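Line by line, the protein sequences give chains F, G and L.
Numbered by my numbering, the letters in the first sequence go through residues 1 to 344 in order.
Numbered by my numbering, the letters in the second sequence go through residues 1 to 344 in order.
Numbered by my numbering, the letters in the third sequence go through residues 1 to 344 in order.
All remarks here apply to the structure that follows.
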Amino acid sequence: MRFTLKELAEAIGGVVDGDATIEIESINTPAEALSGQITFLSDSRYKKELENTSASAVILREDDRSACPVTALIVSNPYAAYAEVANLLYPTQREIAGIHPTAVVDDSCDIGADVWIGPHCVIGRNVLIDSGCQIGPGCLIQQNAQIGAESVLIGNVAIMHDCVLGKRVLIHPGAVVGSDGFGQANDNGRWIKIPQVGRVIINDDVEIGASTTIDRGSIGDTVVEEGVKLDNLIHIAHNVRVGAHTVMAGQSGIAGSTTIGRNCMIGGQVGISGHLTIADNVTLTGRTTVLQSVKESGVYSSGTPTEPNRQWHKNYTRFKQLDDMAKRIKILEKLVAKLEGKGN
Amino acid sequence: MRFTLKELAEAIGGVVDGDATIEIESINTPAEALSGQITFLSDSRYKKELENTSASAVILREDDRSACPVTALIVSNPYAAYAEVANLLYPTQREIAGIHPTAVVDDSCDIGADVWIGPHCVIGRNVLIDSGCQIGPGCLIQQNAQIGAESVLIGNVAIMHDCVLGKRVLIHPGAVVGSDGFGQANDNGRWIKIPQVGRVIINDDVEIGASTTIDRGSIGDTVVEEGVKLDNLIHIAHNVRVGAHTVMAGQSGIAGSTTIGRNCMIGGQVGISGHLTIADNVTLTGRTTVLQSVKESGVYSSGTPTEPNRQWHKNYTRFKQLDDMAKRIKILEKLVAKLEGKGN
Amino acid sequence: MRFTLKELAEAIGGVVDGDATIEIESINTPAEALSGQITFLSDSRYKKELENTSASAVILREDDRSACPVTALIVSNPYAAYAEVANLLYPTQREIAGIHPTAVVDDSCDIGADVWIGPHCVIGRNVLIDSGCQIGPGCLIQQNAQIGAESVLIGNVAIMHDCVLGKRVLIHPGAVVGSDGFGQANDNGRWIKIPQVGRVIINDDVEIGASTTIDRGSIGDTVVEEGVKLDNLIHIAHNVRVGAHTVMAGQSGIAGSTTIGRNCMIGGQVGISGHLTIADNVTLTGRTTVLQSVKESGVYSSGTPTEPNRQWHKNYTRFKQLDDMAKRIKILEKLVAKLEGKGN
């Protein structure tokens, strides 16, 4: 794809300062961009990187204009504008609609217009696949599942029975939606599996990363609200609700029946216990362990620092004495207060 | 499915207190259950939730009977009874036996009676699939593997060569059983792969969650004993042994050659080092890091609390001084003792 | 396979001390090895295990010869020698070259000599698969990907478009190479996906474990250098570079744009933040959290010990007071110094 700066500016609502007839065909970093490429500056702290750029144009805020030696595309939110420009320059590649002859699609399915079902897919009974969907190779969609319009399953994705996906859902390979929740009842030392009779409901514009697993509800549904973005290898347990526009980085896990608020930012390898509530607009930095509900928005963390192994070992051992140390400090404070009294 | 309370009571060994002719067709929570539904009370602390229930019946302990305004199904272990009732009301859906024409099954395989092999499965040489198995779409079973009777592989499951599954094993999508253990020998800075010549042995009644991986033994086998239940995205390394009836929640990992006892409860995102032994009846709460063997049954934990980021940062930094702090407290104690001596 | 000790010694550059005509057909541990089997001693601390061995021969260092009651194969690095011997005794099983009739291979692909493409594979446009590759069942290789000579994809592996694999790359089931990096730009509370236009470059002799995911670069590539060995369920984010001959154990995760040095050893469940640099020859023990760059080689750790739950709970609570404790110690030191002054 190829656009003039004028076309890009019109498409994203920006202003060109410089030659608006320049043609842009791809994106790159300030340091590596060449002629015909556009780059961006989203954080003023890095404006020095623009000094020697060979990019044809830079997306930036008006305040940073003076740092840019080439034509500028001025916007209020350069990172979002960059995303929009990149989506214009790199449109999603679509396969030609049709059902591949090797796909096994039950006759009872309802397949919308302009749908591609790739090789070796298996689509069960009464599945609804709405218009414009792209179902890549090797996907398994079990009975009664519903896939909303314009959704894309890249390939090797599994959607279990009765689950419901909204519109424009994007799912990467290896992801599993609707596997059984982990429900086991103990009967004298043996575990009896509890049937997981709920579903997974994925709302519009959700993205699900590679090999992320989202379990179906035990009773009632697991829900991922609109605009949520999940990275790879995340575990969402049964009856979790993830609030709209929350993002979650790789390998995080949410235990059963926890509710995550809207517009949260959850770092990588975070773990959240079950039956908790996380407020809206909460940021959890990477590796945070959450064992209690978080009731107010804000940034939260946990964990201890990386240290050279020997030094760590000493501090690690002392952790076991922490309560003891606290008590000894209190005793010392009393003794010293007494001694001070005497000294007067 | 639909049962009278009398039928359910007989099936699970409970006593109906109320109208035993009521017909039950599904389960629900106390708050959401309607006529025709049964719910349960497993923890007396929540008995208030029964007050306004519209359920037709409640499974509970005799002690909680008075809290229940509707017909009761009285049992000694309501959660296990609920599991049994739910299994009656929601029987596993079985596909009709047969080998789908798109499945690639080697002629040398031994396929039992009443087995379903779904579309696009690939079954290697000399595989044994015992009677009643359901092998869902896209499963890969390599040569010489054995699948015990009535086992269910939901779909997109990979069972590597020579691995052995017991009876009634249930495996969710994306799980991999028998991938190579992580064995590498260093030869002057380069790694030489060590062939992993052991197997994975999965005993009866094991459940394996979505995208969980269980590596084959290096020499000798990796063993998962009967009744073990593994959640999603768990990593079981080579030559691990997981004791019977142990449960493990999502994203936990067990490093090589560690032995986990029987009837353990291992929370989510737990990590256990290699070459350790965990006793029977050990509970590890979520996110616990285990670097040494656990020799006695009990509940164990590790980790530090979630805090607002600023407060955390201060405490996090102090962790590096913990050993120093401990020494300074000791010195202070000596000095204060000396001062007290002088003061006398 | 079956070799005399003389043949093995010649192949790996060792010296037989004893009967070099003994035939070896398999490997085992010192305790379980029987006649016809070879075992090894890589750590002198375990030499007692050789006392009662029934192995036909033992691979060991000259220094440990006296501890071995049977024929010895003397080498300088027994563990590496064991790996080499094991590779001779257990050669990788290869399928006969050819494209299975159920595989869907685009006409534009360039398939080398002696390549096996298994059942139900899907190979997109302009894919290059070099000579000697084994592409197991159910693999998905998207357009323009390149697979280097003698590489092995066991089965159910996904290689996304334009990614490049070197020679002798080995990938286990469920792994995903080239899924989209996690790039989202916030636009007034909604997230706009940023097209991930980089690739994944995997160099020669890399091994990738089951269900490990490696994301493609945002701009520029994600790179895994030669000889890297990755265990299962690892997450490598966009634009990460992993240095040559680094090993990484299961469930570790590396956030975006971080560079890992050469010859590092990264334990299981380690988490490394984004935009960091880890020096060469760094060892991170299991479960370490790395939030800052590591500039010098060495062994690093983080975390706190496992404790009985009650004891942990006390120390866990005290962690929130750590900064306060440190300040109180300082105050005490000043007060005591003052008291000592007065006492003089």
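No residue lacks a Cβ here, since even glycine has one placed at the ideal position from N, Cα and C.
Please read all numbers here as calculations on a predicted model, not as lab measurements.
- Task: Closer than 9 Å, Cβ to Cβ, to anything on chain L: give me those residues from the stretch 277–292 of chain G, in chain order.
- Result: T283, L284, T285, T288, T289, V290, L291 and Q292
- Task: Taking only beta carbons into account, state which residues of the stretch 226–250 of chain G come closer than 7 Å to chain L, listed in chain order.
- Result: L233, H235 and A237
- Item | CB contact below 8 Å: D323 of chain L versus chain G | In the third sequence, residue 323 of chain L corresponds to position 323, counting from 1. Judged by the 8 Å Cβ criterion, D323 of chain L is in contact with chain G.
- Query: When DSSP labels each residue in this structure, what does V200 of chain F get in the three-state scheme?
  - Reply: In the first sequence, the residue the question calls residue 200 of chain F occupies position 200. DSSP, reduced to helix, strand and coil, places V200 of chain F within a strand of the structure shown.
- V115 of chain F versus F:E207, F:I129, F:I202 and F:A255, residue with shortest Cα-Cα distance: As a working mapping, residue 115 of chain F is identified with position 115 in the first sequence. Minimum Cα distance to V115 of chain F is reached at F:I129.
- Mind checking who A72 of chain G pairs with in its DSSP beta bridge? The residue you call residue 72 of chain G lines up with position 72 of the second sequence. BP columns for A72 of chain G point to G:D17 and G:V58.
- Task: Leaving aside the five residues before and after P173 of chain F along the sequence, list all residues of the same chain whose C-beta is less than 7 Å from its C-beta, in chain order.
- Result: Mapped onto the first sequence, residue 173 of chain F falls at position 173. Result list for P173 of chain F: I154, G155, N156, V157 and A210, in chain order.
- Item | In DSSP terms, what H172 of chain F is bridged to | In the first sequence, residue 172 of chain F corresponds to position 172, counting from 1. Paired residues: none, contrary to the question.
- Message: Which residues does DSSP list as the beta-bridge partners of Q184 of chain G?
- Response: Sequence index remark: in the second sequence, residue 184 of chain G carries index 184 (1-based). Bridge partners of Q184 of chain G according to DSSP: G:K193.
- Message: Can you check whether the C-beta of P119 of chain F is within less than 8 Å of a C-beta belonging to chain C?
- Response: No chain C appears in this structure, whose protein chains are F, G and L.
- Spatial neighbours of D162 of chain L within its chain, please: CB distance less than 6 Å, with the 5 preceding and 5 following residues excluded, ordered by chain position. Taking the third sequence and counting its residues from 1, the one referred to as residue 162 of chain L is at position 162. Cβ within range, chain order: N144 and R199.
- Message: Bridge partners for P308 of chain G per DSSP, in chain order?
- Response: If you number the second sequence from 1, residue 308 of chain G lands on position 308. DSSP, once it has assigned bridges, lists F:Y300 as partnering P308 of chain G.
- Length of the line joining the Cα atoms of A67 of chain F and S301 of chain F: Position 67 of the first sequence, counted from the first residue, corresponds to residue 67 of chain F. Position 301 of the first sequence, counted from the first residue, corresponds to residue 301 of chain F. The straight-line gap from Cα to Cα measures roughly 36 Å.
- Task: Would you list, in chain order, the members of the stretch 299–310 of chain L that have their beta-carbon closer than 7 Å to a beta-carbon of chain F?
- Result: V299, Y300, S301, S302, G303, T304, P305 and E307
- So which residues on chain G does R318 of chain F lean against when the C-beta distance must stay under 8 Å? Residue 318 of chain F sits at position 318 when you count from the first residue of the first sequence. In chain order: L322, D323, M325 and A326.
- Query: Which residue's Cα is closest to the Cα of L291 of chain G: F:T277, F:H313 and F:V270?
  - Reply: The count along the second sequence starts at 1 and reaches residue 291 of chain G at position 291. Closest option to L291 of chain G, Cα to Cα, is F:H313.
- Query: Exposed or buried, which one is M248 of chain L when buried takes at least 16 other CB atoms within 10 Å?
  - Reply: Locating residue 248 of chain L in the third sequence gives position 248, where the first residue counts as 1. Looking at its Cβ environment, which holds 16 or more other Cβ atoms inside 10 Å, M248 of chain L is buried.
- Relative to chain L, which residues along the stretch 134–156 of chain F have a C-beta separation below 8 Å, given in chain order? The residues in question are G136, P137, G138, I154, G155 and N156.
- Residue-level contact to chain L via CB, R45 of chain G, 8 Å cutoff: The count along the second sequence starts at 1 and reaches residue 45 of chain G at position 45. Cβ-Cβ to chain L under 8 Å: no for R45 of chain G.
- Message: Given a cut-off of 8 Å on the beta-carbon distance, is the pair A83 of chain G and V75 of chain G in contact?
- Response: Taking the second sequence and counting its residues from 1, one reaches residue 83 of chain G at position 83. Taking the second sequence and counting its residues from 1, one reaches residue 75 of chain G at position 75. In this structure, V75 of chain G does not lie closer than 8 Å to A83 of chain G by Cβ.
- Message: Please list, in chain order, the chain F residues whose beta carbon lies closer than 7 Å to that of W191 of chain L.
- Response: Your numbering for residue 191 of chain L matches position 191 in the third sequence. Around W191 of chain L, the beta-carbon contacts reaching into chain F at under 7 Å are G227, K229, H245 and V247.
- Residues bridged to E207 of chain F (per DSSP): Locating residue 207 of chain F in the first sequence gives position 207, counting from the first residue. According to DSSP, which records beta bridges pairwise, E207 of chain F is partnered with F:L170 and F:K229.
- Taking DSSP as the reference, what is the three-state secondary structure of D64 of chain F? Taking the first residue of the first sequence as 1, we reach residue 64 of chain F at position 64. Three-state result, D64 of chain F: helix.
- Task: Below 6 Å CB to CB, which residues in the same chain sit around P119 of chain G once its five sequence neighbours on both sides are set aside?
- Result: Position 119 of the second sequence holds residue 119 of chain G. H100, T102 and P137.
- Measure the C-alpha to C-alpha separation of L73 of chain G and T39 of chain G and round it to an integer number of angstroms. For the purposes of this step, residue 73 of chain G is taken as residue 73 along the second sequence, with counting starting at 1. For the purposes of this step, residue 39 of chain G is taken as residue 39 along the second sequence, with counting starting at 1. Distance between the alpha carbons of L73 of chain G and T39 of chain G: 10 Å.
- Message: For T213 of chain L, would you say it is in contact with chain G, using Cβ-to-Cβ distances shorter than 8 Å as the test?
- Response: Walking along the third sequence from the start, residue 213 of chain L turns up at place 213. Closer than 8 Å: no.
- Item | G13 of chain F to E7 of chain F span [Cα, whole Å] | Stepping through the first sequence from its first residue, residue 13 of chain F is reached at position 13. Stepping through the first sequence from its first residue, residue 7 of chain F is reached at position 7. So the two alpha carbons sit approximately 10 Å from each other.
- Message: Please state whether the Cβ-Cβ distance between H235 of chain F and G183 of chain F is less than 8 Å.
- Response: Numbered from its first residue, the first sequence carries residue 235 of chain F at position 235. Numbered from its first residue, the first sequence carries residue 183 of chain F at position 183. No.
- Query: How big is the Cα-Cα spacing for R125 of chain F and G98 of chain F?
  - Reply: Numbered from its first residue, the first sequence carries residue 125 of chain F at position 125. Numbered from its first residue, the first sequence carries residue 98 of chain F at position 98. Roughly 19 Å separates the two Cα atoms.
- Message: By the three-class DSSP mapping on this structure, what secondary structure does V115 of chain G have?
- Response: The count along the second sequence starts at 1 and reaches residue 115 of chain G at position 115. Correct three-state label for V115 of chain G: coil.
- Message: Going by DSSP in three states, D110 of chain L sits in which element: helix, strand or coil?
- Response: Counting from one through the third sequence, the residue named residue 110 of chain L turns up at place 110. DSSP places D110 of chain L in strand when its eight states are reduced to three.
- What are the boundary residues of the beta strand (DSSP E) that includes I38 of chain G? Position 38 of the second sequence, counting from 1, holds the residue named residue 38 of chain G. Counting along the chain, the beta strand (DSSP E) containing I38 of chain G begins and ends at Q37 to F40.
- Query: Which bits of chain L does D346 of chain G rub up against, with CB to CB less than 7 Å?
  - Reply: This structure gives no information on residue 346 of chain G, because the portion of chain G shown stretches from 1 to 344.
- Message: Check whether chain G comes within 8 Å of P195 of chain F, counting only Cβ atoms and requiring the distance to be less than that.
- Response: Reading the first sequence from its first residue, position 195 is the one you call residue 195 of chain F. Yes, P195 of chain F counts as interfacial toward chain G.
- Among F:E49, F:N232 and F:E62, which has the Cα closest to the Cα of N28 of chain F? Numbered from its first residue, the first sequence carries residue 28 of chain F at position 28. The candidate whose alpha carbon is nearest that of N28 of chain F is F:E49.
- Query: So, N77 of chain G versus D231 of chain F, is the Cβ gap smaller than 8 Å?
  - Reply: Locating residue 77 of chain G in the second sequence gives position 77, counting from the first residue. Locating residue 231 of chain F in the first sequence gives position 231, counting from the first residue. No, the pair does not count as a contact, with Cβ atoms beyond the cut-off.
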